[in-house]
Every structure is written in structure tokens, then in C-alpha cells.
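As you go down the protein sequences, you meet chains A and B in turn. Heads up, the first sequence is in our numbering, so the first residue is 33 and it goes up one at a time. Heads up, the second sequence is in our numbering, so the first residue is 33 and it goes up one at a time. Since the structure comes first, as C-alpha cells, the remarks are kept for the end.
2 protein chains.
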Amino acid sequence: MRTLQFLLIVFFFSFFSMAQIPSSLNLMPVPAKVQVGAGQLVVDQAFTAVSTGHRDDRLERGISRFLDQVSRQTGMTLNGQPADASNATLVIHAENAGRKVQELDEDESYALEITPSRATLTAATALGALYGLQTFLQLIEPTPAGFAVPVITIQDRPRFAWRGLLIDASRHFIPIEVLKRNLDGMAAVKMNVLHWHLSDDEGFRVESKRFPKLHELGSEGQYYTQAEIRDFVAYARDRGIRVVPEFDMPGHSRSWMAGYPELASVPGSYRAGRIADADTVMDPTRDGTYKFLDKFVGEMAALFPDAYFHIGGDEVNNKPWDSNPKIQEFIRAHGMKNNRDLQAYFNQRLQKIVQKHGKIMMGWDEVLHPDLPKTVLVESWRGQDSLAEAAKQGHLGLLSYGYYLDLMWPAARHYAVDPMAMTTTGGAAALTAEEKKRILGGEACMWSEFVTPETIDSRIWPRLAAIAERLWSPQEVRDNQSMYRRLEEVSWRLGWLGLNHESNYPLLLQRLAGSHDIGALRVLADVVEPTKDYTRTEVFPQPPVKSTPLNRMADAARPESTVTRQFSELVDGYFQSDYKDSAAEAQIRASLVNWRDNDVNLQPVLDRSFLLTEDKPLSTDLAALAAAGLEALDSIDKNQPLPDAWRAAQLAVVDRSMKPRANLLVMVAPPIQKLIAATAASH
Amino acid sequence: MRTLQFLLIVFFFSFFSMAQIPSSLNLMPVPAKVQVGAGQLVVDQAFTAVSTGHRDDRLERGISRFLDQVSRQTGMTLNGQPADASNATLVIHAENAGRKVQELDEDESYALEITPSRATLTAATALGALYGLQTFLQLIEPTPAGFAVPVITIQDRPRFAWRGLLIDASRHFIPIEVLKRNLDGMAAVKMNVLHWHLSDDEGFRVESKRFPKLHELGSEGQYYTQAEIRDFVAYARDRGIRVVPEFDMPGHSRSWMAGYPELASVPGSYRAGRIADADTVMDPTRDGTYKFLDKFVGEMAALFPDAYFHIGGDEVNNKPWDSNPKIQEFIRAHGMKNNRDLQAYFNQRLQKIVQKHGKIMMGWDEVLHPDLPKTVLVESWRGQDSLAEAAKQGHLGLLSYGYYLDLMWPAARHYAVDPMAMTTTGGAAALTAEEKKRILGGEACMWSEFVTPETIDSRIWPRLAAIAERLWSPQEVRDNQSMYRRLEEVSWRLGWLGLNHESNYPLLLQRLAGSHDIGALRVLADVVEPTKDYTRTEVFPQPPVKSTPLNRMADAARPESTVTRQFSELVDGYFQSDYKDSAAEAQIRASLVNWRDNDVNLQPVLDRSFLLTEDKPLSTDLAALAAAGLEALDSIDKNQPLPDAWRAAQLAVVDRSMKPRANLLVMVAPPIQKLIAATAASH
């Protein structure tokens with residue numbers, strides 16, 4: 033208490049530009065404006081929160097979840113005495129409840145003011161208040177005087193109105209409870225749209241009462257009932273998250289044909305599943321197709337309250353259209369030039385149907401065509417230029433390019449992608465102010481060819497938080513070091529929401545080893561990453577065989593190796609110190625010794641389990657890389673350059689390590705390569 | 033496939049006595065009879081299981097859960113083709129369904145026969161088949177040729193019919209979902225009784241429709257509804273687990289008096305909660321008490337289908353009876369000698385009520401009295417002699433003494449406690465064959481003064497598996513080394529059931545540190561254990577203040593430190609090798625260096641968080657102990673004894689380390705003490 037008073041006496045404000053959030057704060061995304069004061073507000077068992085504004089059920093439930101979360105984070109049961117605004121620790125005031133169905137243009141801003149005696153959260157809408165509560169949760173830290181939040185003033189609002197995550201529930205079905213914990217995670221980092229990819233070649237995942245064969249024959253029994261969907265949409269709304277459904281058409285629609293083969297461009301019988309080079313495409317020339325879609329869209333439009341309705345429209349395979357003379361004849365008869373024009377025709381008719389049922393159509397960037405109605409929102413996955421092009425043509429746009437989580441990129445690479453960036457060929461930065469306004473934000477995409485309910489959390493988190501920050505925080509917030517520091521802090525705290533991206537890692541390694549003893553296995557697993565982009569080599573099983581097991585090291589390994597990142601930073605620091613930082617050198621040496629000596633312990637483990645035999649050369653090469661790194665360090669230390677032949681031999685191992693094997697890359701190869709390269713010249 | 037054929041050619045059987053299970057098997061509890069063959073049966077995505085016996089819904093649901101669990105353990109989706117007995121991988125045959133309400137004397141035996149081409153599980157009842165499925169799950173391992181179970185023949189049945197776990201839901205309320213995952217864990221190690229301690233001074237946890245003020249005023253809103261209880265009992269029955277409710281009376285009943293003060297021996301107004309030295313006891317002299325209990329027991333007897341009804345009966349405080357002249361007058365008027373006789377009178381009347389409602393009464397060993405009807409089952413928590421005494425007097429009996437999980441004993445100590453053991457003063461071993469039959473088994477007890485929903489898994493698991501083995505496996509199974517090896521393997525696999533005793537540990541440490549970086553903190557946390565027996569020093573809060581937070585290192589630390597146990601074994605091995613095992617010495621040295629050097633990194637972390645400041649002296653002492661150990665190692669190495677004064681100084685640190693501070697013990701002190709002691713004489 034004396035400490036607090038003392039701090040009050042020396043009370044001061046520190047201001048900082050948005051690009052530099054103080055390292056004492058673990059906020060992510062970084063708020064628009066922050067002033068840090070001195071002192072703190074203790075959060076103990078007497079903590080209370082009360083709302084004084086517009087009476088709103090959603091906010092009350094949000095406050096109740098917030099209090100539960102305070103309790104979970106701190107391990108304290110709150111006394112929960114009745115409190116009113118005059119004595120509550122946190123007073124929350126929202127002017128109004130927000131719209132019944134959450135909309136794109138709602139005011140999401142909030143202000144949070146914390147003094148040593150109380151905290152005040154104000155917002156125009158309940159939505160803004162919910163964001164403010166998330167900020168408060170991120171501010172709670174253990175201090176020498178108890179759990180506390182710092183004295184601070186925050187004025188915050190998002191840069192973009194659309195901050196989404198796509199989850200593909202078709203390629204692998206993702207159960208509702210897994211989706212729900214991910215909604216909780218999204219809410220924690222202030223994302224506001226779940227884009228639910230509900231149908232694709234591999235599975236149709238929604239119960240349809242109008243066309244029951246869609247889910248009955250198109251899902252292998254794995255689909256969401258309409259009751260589950262209603263409950264899920266309400267769960268999302270409670271957390272300030274809109275749910276936008278996607279039904280991909282006319283391509284990526286094989287699963288529909290299992291029950292309704294008459295939709296297909298080529299007659300036949302179909303089963304859901306991925307068939308290499310044999311995509312299935314709807315027939316846009318038949319009136320029956322549109323009659324079907326009218327009823328179907330009508331049913332789904334009633335089920336999903338959001339204003340937007342995503343029709344996919346990507347990657348339409350030409351083959352089925354080319355191979356059907358009737359369809360080619362239709363193209364000629366209607367004065368179209370090609371299949372592209374035919375898809376535009378399909379989109380125009382579909383747009384009328386979507387609009388008739390009260391929704392705004394959106395689609396992937398292939399839908400862009402001079403004939404496309406301007407009301408259609410275009411989501412760009414192929415590049416930043418196509419986003420700019422859509423905006424130029426008058427469409428609202430979203431960026432997904434650069435935010436594909438299944439590509440296994442490091443967080444920093446996603447973080448660097450800005451929807452408004454200048455590209456070599458233009459990009460959104462070159463647009464007029466009017467055109468720029470059409471760019472609403474972006475969406476991270478979790479395509480699920482290679483994720484299962486048990487691995488999906490580790491593919492989404494923590495990297496999604498970096499994308500969330502890109503879409504919420506001011507454009508100038510882009511310091512990687514700060515981002516990674518905060519990302520690590522956000523990451524473990526997401527564990528309180530039940531996300532298992534951290535907690536499941538040892539269990540997956542134990543399965544691989546068939547043993548509790550994963551010491552040596554973890555040394556290897558910690559320095560590898562799943563192969564990047566679309567280089568994974570599994571053969572997709574043919575229907576009706578269920579999925580290829582995703583239970584290898586490539587599934588357990590994290591998309592981004594923290595151990596490697598830190599080792600790289602150490603090596604870079606050592607070079608920058610002109611090889612004089614002996615503490616860094618000692619740490620580098622210790623890591624290298626650990627990696628070199630690990631192989632002899634690990635090989636017997638890899639021999640015992642069929643899941644691991646494919647990883648044997650990786651372990652051998654890690655040892656070889658580490659041995660080379662140690663030789664290089666000695667060479668640098670003694671200023672005794674090594675011969676070119678030695679380097680050439682080592683670089684062969686480096687090359688091999690950075691090529692996918694067992695769908696993995698040995699990520700310490702590049703920093704070790706730097707050590708090897710440094711043995712060439714004296715220094 | 034070739035490997036399999038080769039193995040078949042050299043097919044042989046190895047037999048082993050029950051005391052020695054092969055180290056290739058991770059079965060726990062050890063089955064009654066095992067013959068291991070050569071070769072294996074592959075478990076791949078084509079795996080199927082079919083039942084051929086008596087049609088039984090419970091078994092079908094059990095098989096469905098089993099298949100889900102195969103999938104979860106292996107990370108493989110099973111194809112799930114329809115299968116019949118002629119082509120199923122595993123054929124399950126149960127003669128009958130077992131009783132509608134599970135009973136004590138049901139046949140729990142099963143036989144499992146695995147050949148390289150198929151597996152057959154046979155059992156008298158569905159109950160036995162469920163146990164056999166658990167055994168099959170424990171046999172699945174990754175091998176060089178895929179997931180597989182070994183060729184094996186098992187004939188198994190439990191040694192004791194009553195293998196229970198008590199969970200105290202009164203001191204801290206334990207939500208249903210936490211209980212359910214613990215039921216799954218119990219089923220995995222073949223336990224068959226959940227003893228649900230539902231009322232105590234601190235809380236009354238069951239909805240009563242007859243006496244709603246019991247839960248309304250006695251639970252702070254934390255209770256189970258009757259619908260939840262029915263669902264929970266069905267969930268347990270599906271897993272072969274009986275649910276025995278306990279309503280503790282006439283003592284430990286303060287929470288009842290919150291709503292019904294007329295039950296109390298001393299007039300007054302009451303609130304649920306622990307009041308030091310002021311236990312509240314029912315008034316056994318009023319007829320109204322029995323009228324109340326008649327209605328209450330009637331309601332609960334209908335809610336809980338099990339044949340047994342636990343009335344507590346332990347630790348009745350004399351004060352309330354002594355202080356009420358009317359009660360003392362009643363004792364005299366009825367020719368009783370003392371309060372003990374009054375409790376016996378209460379028990380006799382209560383037994384009639386319990387019996388009238390169709391139940392068999394059971395109570396803690398204080399209920400034992402010459403007047404107690406012989407039908408009452410006695411559960412002994414005070415010692416093995418009182419169990420033997422109850423059996424001698426004609427009562428059925430259960431042992432809980434020695435199985436109290438809240439005492440934080442190592443698994444080996446619980447494992448050594450046998451209900452049938454010889455004690456210095458007799459024990460069950462001295463009973464006649466007839467009397468011995470009355471001892472039905474035992475129950476582990478998870479009293480919840482110091483556990484919360486987030487820590488309870490780590491207090492129950494993995495140690496409960498060792499007690500489960502004591503109660504299931506043949507008496508001669510008692511090798512600690514084998515037990516610990518298998519315990520570690522069982523432990524991580526329990527993670528597939530959602531038990532978080534392993535996965536939650538890093539998260540709890542991160543909360544303590546307020547940081548993702550717990551490297552140094554974990555070094556300390558790994559070598560401490562919560563203080564033993566009832567030496568924990570928190571002051572219980574007074575009502576209505578909610579619980580003292582249990583969020584310190586003493587709550588995160590495991591009851592038994594594996595690191596310490598392994599270090600102790602190393603030191604013992606080093607001594608047994610006559611100080612010649614240089615590999616052991618190197619490992620000992622590496623651990624000591626790690627502990628010695630950790631303190632300087634850890635102190636700043638401990639300074640930052642009020643949750644950790646109390647642990648500062650422990651870290652300092654760990655460093656001092658490690659430094660002393662290193663000096664001792666050098667002395668031993670060089671055969672240069674150290675002076676008595678040096679040893680005396682070091683032993684002061686050892687003494688301090690083994691006294692509770694921050695409710696923790698530094699468990700590496702004893703093995704380091706051995707090193708210190710060895711510096712005295714030359715060797």
C-alpha cells in the first residue's frame with residue numbers, strides 16, 4: 033500500500049508512438065492510442081465489474097465470462113459481492129447494445145481508463161465494450177504487490193472493419209467444440225468474422241432440410257445440424273464475431289453431386305472426396321441448377337443471419353465444361369467467348385438469387401469479371417494486385433493472400449503483409465482515397481487438407497494473433513521483435529481458453545515415440561518445421577476411404593520453430609558483435625553440442641516407431657550440421673579459415689536439410705550456414 | 033509383412049509369474065495371468081471390433097468409445113466399415129449384460145486372446161468385456177511395422193470387488209465435467225466405485241426437492257442438480273463404475289444447518305464453511321432430526337441407485353453435545369455412558385431409515401460400536417487394525433487408510449499398503465479365512481481442502497493408478513521399479529482422456545511467473561513437492577468469503593517429483609557401484625551444476641511475482657545443496673574426506689530444505705545428504 037502511495041506521488045505519464053509499445057505491456061493487438069502512467073490497480077478477490085450503460089444481455093454475459101476469465105487467469109475465486117457503480121473496481125458503460133445482427137459498420141471503439149483506485153471502460157456499443165474487456169484481461173499481471181493492471185489510458189478502435197478467420201470444415205470436419213474454443217481465441221485478439229468454409233469436394237457439412245441428400249450422402253456422417261449452427265452463431269455473436277457461410281460453387285462442389293448428380297456438368301455418379309485432376313463443376317447451362325440453388329440459398333440465408341453470403345467461385349476446372357458439347361454449344365449460342373464468360377453468367381444469375389434472399393454476395397477473386405455486379409464483395413487470395421483491381425472496379429474487397437495459415441509461414445511473414453501495401457506493380461497504396469475505402473480488411477485462412485481437430489489449434493495459434501494485429505492496429509505497428517515478444521506472451525495465455533496448441537505438443541510427441549520419454553525426440557522436433565507452401569507430399573485417399581492419418585512429426589512440429597528463431601538471433605548478434613560476444617558464443621556452442629550429441633540417443637527411438645523412421649536422416653543431418661557449426665566456431669575463434677572443400681561438404685548438408693524430407697525442414701540449417709560461411713575469410 | 037511371417041515361424045510363448053510383468057508391456061493394473069507370445073496384430077485404419085454375445089446397449093456404447101479411443105491414441109481415423117464376427121479384428125463376446133444396477137458381486141473377469149490375425153475378448157458379463165477393452169487399449173503401441181498389439185493370452189479378474197475413489201465435492205466444488213474425465217481415468221485403470229462426498233461443513237452439493245434450503249443456503253450456488261446427478265450416474269454405469277453417495281452426519285454437517293438450524297445440537301444461525309474448532313453436529317436426541325432424515329434419505333435413495341449409502345459418521349466433535357444440558361440429560365436418561373454411545377444410538381436409528389429406503393448403510397470407522405447392526409459396512413481411514421477389527425466383529429470392510437491422495441505421499445508408499453497386510457499389532461493377515469472374506473477392497477481418497485477443479489487431476493493422477501493396481505492385481509505384484517516404469521507410461525496416455533495432470537503443469541508455472549519463459553522456474557518446481565500429511569498452513573477463510581486462492585508453487589508442484597526420484601536412484605546406483613560408475617557420476621554432476629547455477633537466473637523471476645516471493649529461500653537453498661553436492665563429489669572422487677564442520681554446515685541446509693516452507697519441501701535434499709555423508713570416511 034505504501035508502495036502504491038509512493039508511486040502515486042511520483043505519478044507521471046509516458047507517451048509513446050503507436051509503433052513502440054512499452055515492453056512492460058503484453059497487449060496484442062496494439063491499441064490505437066496508449067498512455068502509460070505510474071502505479072497500478074490491484075486485482076484481488078474483491079474485484080467487481082458492473083455495467084452502467086444501456087441494459088444489454090450480450091454485454092452482461094460478456095462481463096460474466098470476463099469475470100470467469102479473471103478467475104481462471106489468476107487462480108482466484110472472486111468473492112462476487114453485489115456491486116454498484118459507486119464501488120465497483122471496473123465500471124463499464126456502453127451507450128447502446130449494437131445491432132441485433134452484427135454489422136460491418138458498427139462502432140467498435142472503446143476507451144479504458146485505469147487509475148490506482150478504479151477502472152472505467154466506455155464504448156459506443158456493447159461490441160466496443162467487449163473489446164475493452166479483452167484489453168483489460170491482457171493487462172492483468174502478477175506483480176510484487178499482487179495481481180494488478182497498470183495505470184493506463186487507452187483509446188482504441190480497429191484499423192479495418194473486417195478481421196476474419198476462414199476455417200475449412202470440409203476437407204477435415206472440425207467439431208463445434210473445437211470451433212468454439214477458436215472463437216474464444218479470436219475474441220481475445222479482437223477478430224470479428226468467422227468465415228466458415230462449409231462445402232467443398234471432400235464434404236458437405238451442413239444439414240439441409242430442403243435437400244437432405246447433400247449432408248446425408250456428401251459428408252460421411254460428419255456435418256453440423258441446423259440446431260448446432262444456430263447455437264454456434266449465437267455463441268459467436270456473444271463474442272462480437274459474425275459468421276459468414278461459404279458454399280463453394282460452381283467448382284469445388286463434388287460433395288454436392290453425391291446426392292444430386294444432376295447438378296454436375298458431366299453425367300455420372302459421384303462420391304465426396306478429392307480426385308486428383310478431376311474436379312467436379314456444376315452445370316451453369318441448366319435452369320434446374322438455378323432452381324435448386326434458389327431453394328438452397330433460401331434455406332441457408334434463413335439459417336445464417338449475417339448480411340454476407342460467400343459463394344466461393346474459385347479454381348473452376350475447365351475440363352468438365354470443355355468435355356460437354358452441350359455446354360460448349362450454350363457458350364456459343366449466348367455469344368460468350370469462353371468458360372470465364374460462362375462463369376460470369378453463372379455468377380450473375382447466382383447474385384440475383386442471393387440478393388433475392390436478402391444477402392450480399394461475396395466470392396474469391398476469380399469471380400471478378402466486367403459483368404459482375406458491383407455489389408459483390410471480392411476476396412483476394414491470389415495477390416494484392418487483384419485486391420486493388422477489384423477496388424478499382426468498384427467492388428468492396430478483402431485480402432486473404434499472405435494470410436494462409438496452412439502455408440506454414442513464420443508469423444513475421446504474415447505480419448509484413450498489409451492490405452494497403454504498395455506492391456512492385458501497384459497494389460492498394462496506389463489507389464485513390466475513394467477506392468481505398470473499399471478495402472475492408474482481411475481474412476486468415478485455415479484450409480484443412482492437413483489439419484485435424486487435434487492439430488488445428490497449433491496451426492492457427494499463435495500466428496493468427498500477428499495477423500489480428502495487422503488488421504486491428506495502426507499501420508505503423510510493425511516491429512517484429514516486439515511482435516514476437518508479445519506473441520509468446522499471448523500464446524500461453526490462450527491456454528486458459530482451452531486452446532491446446534501448446535499443451536498438446538508433448539502428447540503428440542509421446543504418441544510418436546510410444547513413450548513418456550521424449551527428451552531426445554523433442555530436441556529434434558523443436559528445430560524442424562513442416563514444409564512450406566503446397567509441398568506436402570501425402571497422396572490423398574480416394575473415396576470412400578477416410579482420411580490419411582496426420583500423426584507424423586510434420587503434424588506435431590510447430591509451424592514456426594521458436595528455438596530456431598532464437599538461435600538465428602543469437603548468431604546474428606554474435607556476428608554483429610564482431611565475434612566478440614562471448615556469452616552469445618557460449619550459448620551457440622551449448623546448442624550445437626546438444627544437437628550434435630542428440631542423434632545417438634534419438635536413433636533407437638526412431639527405430640522403434642514406424643511413425644518416426646522417416647525422420648532418421650533429419651536427426652543424422654542435425655548432428656552433422658551441429659558438428660560443422662562447432663568446427664566453424666573454432667575456426668572463427670582461432671581465426672583459422674577452413675578450406676573451400678570443407679565448406680562445400682558442409683553446404684551439401686545444409687542444402688539437404690532445407691529440402692523437404694518427411695514433410696519437414698531442418699530449420700537451424702540457415703543460421704549454421706552463416707557460421708560455415710564465416711570460416712572462409714579471416715575477420 | 034515378411035517380418036510378421038518370420039516372427040510367426042519362430043513363434044514361442046514366454047511365461048512369467050505375476051510378480052514380473054515383461055518390460056515390453058505397459059499394462060496397469062497387471063492382469064492376473066499373462067502369456068506373451070511372439071509376433072503382433074497390426075492395428076490400422078481397417079481395424080474393426082464387433083460383439084457377438086448377449087445384445088447389450090452398454091457394451092455397444094463401450095465398444096463405440098473404445099473405437100474412438102483407438103482413433104485418439106493413434107491419430108488415425110478408422111474406416112469403420114461394417115464388420116461381422118467373421119472378419120472383425122477384435123471379436124467381443126459377453127455372456128450377459130450384467131445387472132441393471134451394478135452390484136458388488138458381479139463377475140468382472142475377462143479373457144483376451146490375441147493372435148497375429150485376430151483378437152478375441154470373452155467375458156461373463158458386459159462389465160468384464162469393458163475391462164478387457166481397456167487392457168486392449170493399453171496394449172496398442174507404435175512398432176516398426178505400424179501400430180500393433182502383441183500376441184498375448186490374458187486371463188484376468190480383480191483381487192478385490194470394491195476399488196474406489198472418493199472425491200470430496202464439498203470443500204471445493206468439483207464440476208461434473210471434471211468428475212467425468214476422472215471417471216474415464218478410473219475406467220482406464222479398472223476402478224469401479226466413485227465415492228462421492230457430497231456434504232460437509234463447507235458445502236451441501238446436491239439439489240434437494242424436499243429440503244431446498246439444503247442446497248440453496250448451503251452451497252453458495254455450487255451444487256449438482258438432480259438431472260445432472262442422474263446423467264452422471266448413467267455415465268458412470270456405462271464405464272462399469274458404481275456411484276456411492278456420502279452425506280456426512282451427525283458431524284461435518286454445518287452446511288445443513290445454514291438452511292435447517294433446527295438440526296443443530298446448539299441453537300443458533302449457521303453458514304456453510306469451516307470454523308476452526310467449532311464443528312457443528314446434528315442433535316440425535318430430537319425426533320424431528322429423524323423425521324427430517326427419513327424424508328431426506330428417502331429422496332436421495334431414489335436418486336442414487338447404488339445399493340450402498342454412506343452416512344459418514346467420522347470425527348464427531350464432542351463440544352456441541354457436551355455444551356447442551358438437554359443432550360447430556362438424554363444420555364443419562366437412556367442409560368448411555370457417553371457421547372460415543374449417543375452416536376451409536378444415532379447410527380442405529382439412521383440404519384433403520386437407510387434400510388427402510390432399500391439401502392445398505394456404510395460409514396467411517398468411528399461408527400464401529402457393539403450396538404452397530406452387522407449389516408453396516410465399515411470404511412477404515414484410521415488404520416489397518418480398525419479394518420481387521422470391523423471384519424472380526426462381522427462387518428464388511430474397506431480400507432482407505434494409506435490411500436489418502438491429499439497427504440501427497442509418493443506412489444510407492446500407497447502401493448505398499450495392502451488391505452490384507454500383516455501389521456505389528458495384527459492386521460487383516462491375522463484374520464480367519466471367513467473374516468478375511470469380509471474385506472472387500474479399498475478406496476483412495478481425494479479430500480479437497482487444497483484442490484480446485486484446475487489442480488485436482490494432478491493430485492489424483494498418476495498416483496491413483498498405483499492404488500488401482502494394488503486393488504486389482506495379485507498380491508505378489510509389488511515391484512516398485514516396474515510400477516514406476518508403467519506408471520509413467522499410463523500417466524501420459526491418460527492425457528487422451530482429457531485429464532490435464534501433465535498438460536496443465538507448464539500453464540500453472542507460467543501463471544506464477546507471469547511469463548512464457550519458465551525455464552528457470554521449472555528447474556526449481558521439478559525438485560520440490562507439496563508438504564506432506566496435514567502440515568499445510570493456509571488459514572481457512574471464514575464464511576461467506578470464498579476460497580483462499582490455491583495458485584502457489586505448492587499447487588503447481590507435483591505430489592511426487594520424478595526428477596528427484598530418478599536423481600536418488602542415480603546416487604544409490606553410484607554408491608552401489610563403489611563410486612566407479614562414471615556415467616552415473618557425470619549425470620549427477622550435470623544435475624547438480626544445473627541446480628547450482630539456476631538460482632541466479634531464477635531470483636529476478638521470483639522477485640517479480642507476489643506468488644513466488646515465498647519461494648526465494650528454496651531456490652537459494654537448492655543452489656547451496658547443489659554446491660555442497662558438487663564439493664562432496666569432488667571429495668569422493670579424490671578420496672579426500674572433508675572436515676566434520678563442513679558437513680555440519682551443509683546438513684543445516686539439508687534440514688531446512690526438508691522442513692515445510694511455502695508449503696513445499698526441497699526433495700533433492702535427502703540424496704544430496706547421502707553425498708555429503710560420504711565425505712566423512714575414506715572409501
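Don't be surprised by glycine CBs; every beta carbon is placed ideally from N, CA and C. It should be emphasised that the depicted structure is a prediction, and the values quoted were computed from it without experimental measurement.
Neighbours of A/Leu-643 across chain B, judged by C-beta separation under 8 Å: Pro-174. In the structure shown, B/Glu-278 falls within a strand segment according to DSSP collapsed to helix, strand and coil. Neighbourhood of B/Asn-583 in chain A, by CB distance below 8 Å: Thr-106, Gly-107, Met-108, in chain order.
Using a Cβ-Cβ cut-off of 8 Å, B/Gln-170 is close to nothing in chain A; its nearest Cβ partner there is about 12 Å away.
About 7 Å separates the Cβ atoms of A/Lys-222 and A/Pro-190, confirming a contact at the 8 Å cut-off. Taking a C-beta cut-off of 7 Å against chain A, the contacting residues of the region 516 to 533 of chain B are Glu-520, Glu-521, Ser-523, Trp-524, Gly-527, listed in chain order. For B/Gln-542, the chain A residues whose C-beta falls within less than 7 Å of its own C-beta are Trp-524, listed in chain order. In the displayed model, A/His-446 falls within a helix according to three-state DSSP. Any Cβ of chain A closer than 9 Å to the Cβ of B/His-247 would place that residue at the interface, and such an atom is absent. Among the CB atoms of chain A, none fall inside 9 Å of the CB of B/Asp-647. Residues of the region 597 to 621 of chain B that bring their beta carbon within less than 8 Å of a beta carbon in chain A are absent altogether.
Against chain B, the CB of A/Asp-417 has no partner CB under 9 Å away; the residue lies outside that interface.
With respect to chain A, the C-beta atom of B/Phe-482 has no partner C-beta closer than 9 Å. Closest by C-alpha distance to B/Gly-253, out of B/Tyr-267, B/Phe-236, B/Val-265, is B/Phe-236. Collapsing the DSSP output to three states places B/Ser-412 in a strand.
If you look at A/His-229, you'll find it in the beta strand (DSSP E) that goes 225 to 232.
The Cβ atoms of B/Met-314 and B/Ala-334 do not sit closer than 9 Å to each other. The criterion of a C-beta distance shorter than 9 Å is satisfied by B/Leu-696 and B/Met-585. Contact annotation, B/Leu-73 with B/Ala-180: C-beta distance approximately 6 Å; criterion of less than 8 Å satisfied. Listed by position along chain B, the residues whose Cβ is nearer than 8 Å to that of A/Ser-547 are Glu-521.
Taken through DSSP and simplified to helix, strand or coil, B/Leu-198 comes out as strand. A buried status is given to A/Arg-693, since no fewer than 16 other beta-carbon atoms sit within 10 Å of its beta-carbon. Rounded to the nearest whole angstrom, the C-alpha separation of A/Asn-119 and A/Thr-167 is 21 Å. In the DSSP assignment, B/Asn-536 falls within the alpha helix (DSSP H) that extends over 536 to 545.
Beta bridge pairing from DSSP links A/Tyr-142 with A/Ala-155, A/Asp-188. In this chain, the beta strand (DSSP E) harbouring A/Ala-81 covers 81 to 83. Beyond the five residues adjoining it in sequence on each side, A/Ser-432 comes within less than 6 Å, by CB distance, of Glu-411, Trp-413, Glu-475, Cys-477 in the same chain, given in chain order. Look at A/Ala-448: its C-beta is not under 9 Å from any C-beta on chain B.
In the three-state scheme derived from DSSP, where H, G and I count as helix and E and B as strand, A/Ala-177 is classed as coil. For B/Leu-650, no chain A residue has a Cβ inside 9 Å of its Cβ, as the nearest lies near 18 Å away. Two segments are said to touch when three or more pairs of C-beta atoms, one from each, lie closer than 8 Å; by this definition the region 500 to 510 of chain A touches the region 444 to 451 of chain A.
Shown here, A/Pro-182 sits in a strand according to DSSP, grouped into three states.
Residue environment analysis places A/Ser-55 among the exposed positions, since fewer than 16 neighbouring C-beta atoms fall within 10 angstroms of its C-beta. Annotated as distal: A/Gly-164 and A/Asn-224, with beta-carbon spacing of 9 Å or more. Between A/Gly-235 and chain B, the shortest Cβ-Cβ separation is not below 9 Å.
Taken residue by residue, none of the region 344 to 359 of chain B has a beta-carbon sitting less than 9 Å from a beta-carbon on chain A.
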